[in-house]
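These protein sequences, in sequence, are chains A and B. All residue numbers in the first sequence are consecutive under the numbering used here, ending with 360. All residue numbers in the second sequence are consecutive under the numbering used here, ending with 376. Written out below as structure tokens is the structure these notes cover.
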Amino acid sequence: MFYRENGQFKSSYREDQQLLGIRQDRWFIFALIAFAFLAVPYLASDYMFRAILIPFLIVSLAAIGLNLLVGYCGQISLGHAAFMSVGAYAAYNLVVHFPQLNFIVVLVLAGFISALIGTVFGLPSLQIKGLYLGVATLAAQFFIDWVFARVKWFTNYSPSGSVSTAQIDMLGWTVNTPVEKYLMVLAIVIVFALMAKNLVRGHIGRSWMAMRDMDVAAEVIGIRPVHAKLSAFAVSAFYAGVAGALWGFVHLGSWEPAAFSINFSLNLLFMIIIGGMGSILGSFIGAAFIVLLPITLNQVLPVMGRWVGMNFSTAFASHLEFMIFGALIIFFLVVEPLGLARLWSIGKEKLRLWPFPH
Amino acid sequence: MAAKKNGPIAALGAVLAAGLLAPLFTGSAPGFYIEVLLGGLMAGVLYSLVALGFVLIFKASGVFNFAQGAMVLFAALALARLAEWLPGWIGIPAGYPALALAFVLAAGIMVAVAWVIERVVLRPLVAQDPVALLMATLGVTFFLDGFGQTIWGSNIYAINLGISKDPTFILPSVFQGGILISKEDLVATVIATALVILLALFFQKTATGRALRAVADDHQAAQSIGIPLNRIWVIVWSVAGFVALVAGMVWGSKLGVQFSIAQLALKALPVVILGGFTSIPGAIIGGLIIGVGEKMSEVFLGPPLVKLWDLAGGGIENWFAYVLALLFLMVRPEGLFGEKHIDRV
Chain A
3 MFYRENGQFK
13 SSYREDQQLL
23 GIRQDRWFIF
33 ALIAFAFLAV
43 PYLASDYMFR
53 AILIPFLIVS
63 LAAIGLNLLV
73 GYCGQISLGH
83 AAFMSVGAYA
93 AYNLVVHFPQ
103 LNFIVVLVLA
113 GFISALIGTV
123 FGLPSLQIKG
133 LYLGVATLAA
143 QFFIDWVFAR
153 VKWFTNYSPS
163 GSVSTAQIDM
173 LGWTVNTPVE
183 KYLMVLAIVI
193 VFALMAKNLV
203 RGHIGRSWMA
213 MRDMDVAAEV
223 IGIRPVHAKL
233 SAFAVSAFYA
243 GVAGALWGFV
253 HLGSWEPAAF
263 SINFSLNLLF
273 MIIIGGMGSI
283 LGSFIGAAFI
293 VLLPITLNQV
303 LPVMGRWVGM
313 NFSTAFASHL
323 EFMIFGALII
333 FFLVVEPLGL
343 ARLWSIGKEK
353 LRLWPFPH
Chain B
32 MAAKKNGPIA
42 ALGAVLAAGL
52 LAPLFTGSAP
62 GFYIEVLLGG
72 LMAGVLYSLV
82 ALGFVLIFKA
92 SGVFNFAQGA
102 MVLFAALALA
112 RLAEWLPGWI
122 GIPAGYPALA
132 LAFVLAAGIM
142 VAVAWVIERV
152 VLRPLVAQDP
162 VALLMATLGV
172 TFFLDGFGQT
182 IWGSNIYAIN
192 LGISKDPTFI
202 LPSVFQGGIL
212 ISKEDLVATV
222 IATALVILLA
232 LFFQKTATGR
242 ALRAVADDHQ
252 AAQSIGIPLN
262 RIWVIVWSVA
272 GFVALVAGMV
282 WGSKLGVQFS
292 IAQLALKALP
302 VVILGGFTSI
312 PGAIIGGLII
322 GVGEKMSEVF
332 LGPPLVKLWD
342 LAGGGIENWF
352 AYVLALLFLM
362 VRPEGLFGEK
372 HIDRV
């Protein structure tokens, strides 16, 4: 009754093509963004910012990047955390060698460097696909891990192999409190999410989807596989690189190569499976899920343990987390391969008719 | 099609062979060289054992089983803990009797695991995209890792096969100082060989084995002559579980049963790429090549690289196998012995 597009007529192509065609959607999104910018800084505690909101936003960005590659272009990557680490170390080295650079410039350059590396490791995708490509991207993961752990130049000859960042300066604005960090990351993520959303409904995104659905047919209708696949790898690695730089500078502050291990890569993959393959919204939902699940389990399990008179250890909680992850992956692949984002859109369809039966 | 591809393969092989022989001409002691070679072969045997499980499952069900490493860990944990608990439960003497009973029980558990996986994961996902199945096995990996450590515990456990861990020197007359080998590695090789022979007999001589080979060749044809696919899948996952149990036993007695076993098993992926997804001999030879290549590169290639670029230590073996597999994918995607034609665009 409240959520339907009756009476909203499009009178120009511009209106017809706008991102959020339904007025209610538009209000909802604007309200959400306003809430995130204006209300959340007053409501959330420092712990909320540091442990939940900032990590959630950054991994959402990385998940969007992976989703562009896996969900939209159909090329699997088991090594996306490695591209994040490329971004993080690129940003670190840029800051070390050119301290006067604005942080935004550093982020974008780090993204481009990561995109370059992503394209190089995307080259096997021209020859192989599916499972084989998975192994090729694993090679990227292990090789890049090794490079950052062993080649001293990348860590600026730090004796322990870990690097730490200076505070972030942006045109005189020093970002150091959690609220400021949150606002900066939020702004960046919104811009990049918007870009991704527009990218996938444009020419490039359509060629990716054609490639995903049937590569031979896509080639027949004139899509060049080299362009489509490599651009997907480049854009995806760009997002991962920016996310990695943010992860290192804003969330971690100081890190070592183990921070971007294969488990991080697999977690990113789980985010887009649970959230929804081929959906920007799904990347956010999946990231929220994967960030919140361990925290929730750590809070809830001891309480449940007290109810049944057992004492659950943290080890048990982490094993349970593994089991729940695994079970959820299988559950979603079997029951709802399109993830939570699909449930959301089903809910919206239902809402259009509610409360009437037809 | 073979003739066109032999050029790059020969080139890659020549480079590898040159790398293999180069240390001999740069003044390394022959005894030490052979020690490294043998060490690599032994590690390769362990990789082959894990890779065998991959190949079995891929042949019969077309599933790329990422969970093979988790199955190895699960089986090894079951074996180690049952052998520890059984004497207390039913008064069976510790040592070999308990170990034997634990082995049988663990094999039974792996059959149960195979059955559950077939019911819960494979059957609902039948005829799906291979990548979806790969991700499903990722889910199985996480579940088995968590579940195994929940019920069996998450410390480091020992599997005592009663073999002395002391190294022995052989052929002191031929090489200066002799060659250092461990008895444990020899036993591991014997066990692996026995397992391969057992599998070969099973596949060639029994009716079930014939059915498995038929399914591997052509699912639809096999089904149309009345071979029940679902039961075949349970069987093949059980066999892979059994292989995982043997691999876990050998590996666990060598390194102790711990979580890193599941990670080490990731090394089996490049092995199957190298050997071919559908070939059992490929898994074995691929494992040996990866094992030898890894050790050789670490021992002989690592130090010069470290000196050349001023690295913070070697660790080449972490990625050597993968990069080798990547090169191989470029020139010969079906692997050394694989038959399957790979789609390319």
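Quick reminder that beta carbons are idealized off the backbone N, C-alpha and C, glycines included.
- A straight-line Cα-Cα distance of about 50 Å links Ser127/A and Phe358/A.
- Beta-bridge annotation (DSSP): Val177/A is paired with Ile170/A.
- The beta carbons of Met279/A and Gly73/A sit about 4 Å from each other, so the pair counts as a contact at 8 Å.
- Residues of the stretch 300-327 of chain A with a C-beta atom less than 9 Å from some C-beta of chain B are Ala317, Phe318, Ser320, His321, Leu322, Glu323, Phe324, Met325, Ile326, Phe327, listed in chain order.
- Scanning Pro296/A, Trp249/A, Ile206/A for the CA closest to the CA of Val228/A turns up Ile206/A.
- When the Cα atoms are used, Asn104/A and Ala195/A turn out to be separated by approximately 22 Å.
- Separation of the CB atoms of Ser238/A and Ala83/A is rounded to 13 Å, and the pair is thereby denied contact status at 8 Å.
- In this structure, the beta-carbon distance from Ala343/A to Leu295/A does not fall below 8 Å.
- Per DSSP, the unbroken alpha helix (DSSP H) holding Lys214/B starts and ends at 214-236.
- Taking 8 Å as the cut-off, the Cβ atoms of Arg214/A and Gly89/A do not count as close.
- Assignment of Trp340/B by DSSP, reduced to helix, strand and coil, places it in the helix class.
- In the structure shown, the three-state DSSP call for Tyr49/A is helix.
- In the DSSP assignment, Pro304/A falls within the unbroken alpha helix (DSSP H) covering 282-309.
- Closer than 8 Å to the CB of Phe234/B there is not a single CB belonging to chain A.
- Only residues of its own chain outside the window of five on either side were considered, and among them Ala138, Met141 have a CB closer than 7 Å to the CB of Phe273/B, listed in chain order.
- For a cut-off of 8 Å, the C-beta gap from Ala278/B to Leu77/B is around 7 Å, short enough to register as a contact.
- Look at Tyr188/B here: in three-state DSSP terms it is strand.
- If one requires a minimum length of 4 residues, the alpha helix (DSSP H) runs lying completely within the stretch 90-172 of chain A are 105-124, 133-152, in chain order.
- Between the C-alpha atoms of Ala141/A and Ile78/A there is a straight-line separation of about 13 Å.
- Contact between Phe324/A and Phe173/B holds, since their C-beta atoms are separated by about 5 Å, short of 8 Å.
- Residue range 348-362 is occupied by the alpha helix (DSSP H) that includes Glu348/B.
- In the structure shown, Val288/B adopts extended strand secondary structure according to DSSP, grouped into three states.
- Within chain B, no residue has its CB atom less than 9 Å from the CB of Phe291/A, the nearest being about 14 Å off.
- Look at the stretch 258-288 of chain A: the residues with a C-beta under 9 Å from a C-beta of chain B are Ile264, Leu268, Leu271, Phe272, Ile275.
- According to the DSSP assignment, Leu353/A belongs to the alpha helix (DSSP H) that extends over 341-355.
- Not one beta carbon of chain A lies nearer than 8 Å to the beta carbon of Ala247/B.
- Under the DSSP definition of a beta bridge, Ser238/A lacks any partner.
- Under the 10 Å beta carbon count, Glu351/A is surrounded by fewer than 16 other beta carbons and is classified as exposed.
- Of all residues in the stretch 171-190 of chain B, only Val171, Thr172, Phe173, Phe174, Leu175, Asp176, Gly177, Phe178, Gln180, Thr181, Ser185 place a beta-carbon less than 8 Å from a beta-carbon of chain A.
- Shown here is that no member of the stretch 62-85 of chain B has a Cβ falling below 7 Å from a Cβ of chain A.
- As computed with DSSP, Trp257/A is found in a beta bridge with Val165/A.
- Contact between the stretch 176-192 of chain B and the stretch 102-116 of chain B is present, with at least three C-beta pairs closer than 8 Å.
- Within the model, the alpha-carbon separation for Leu339/B versus Leu332/B is close to 11 Å.
- Proximity to Leu340/A across Ala93/A, Tyr184/A, Phe30/A, Asn69/A peaks at Asn69/A, based on C-alpha coordinates.
- Within 9 Å of the CB of Asn349/B, the CB atoms of chain A belong to Phe144, Phe145, Asp147, Trp148, Ala151, in sequence order along the chain.
- No Cβ of chain A is located within less than 8 Å of the beta carbon of Val221/B.
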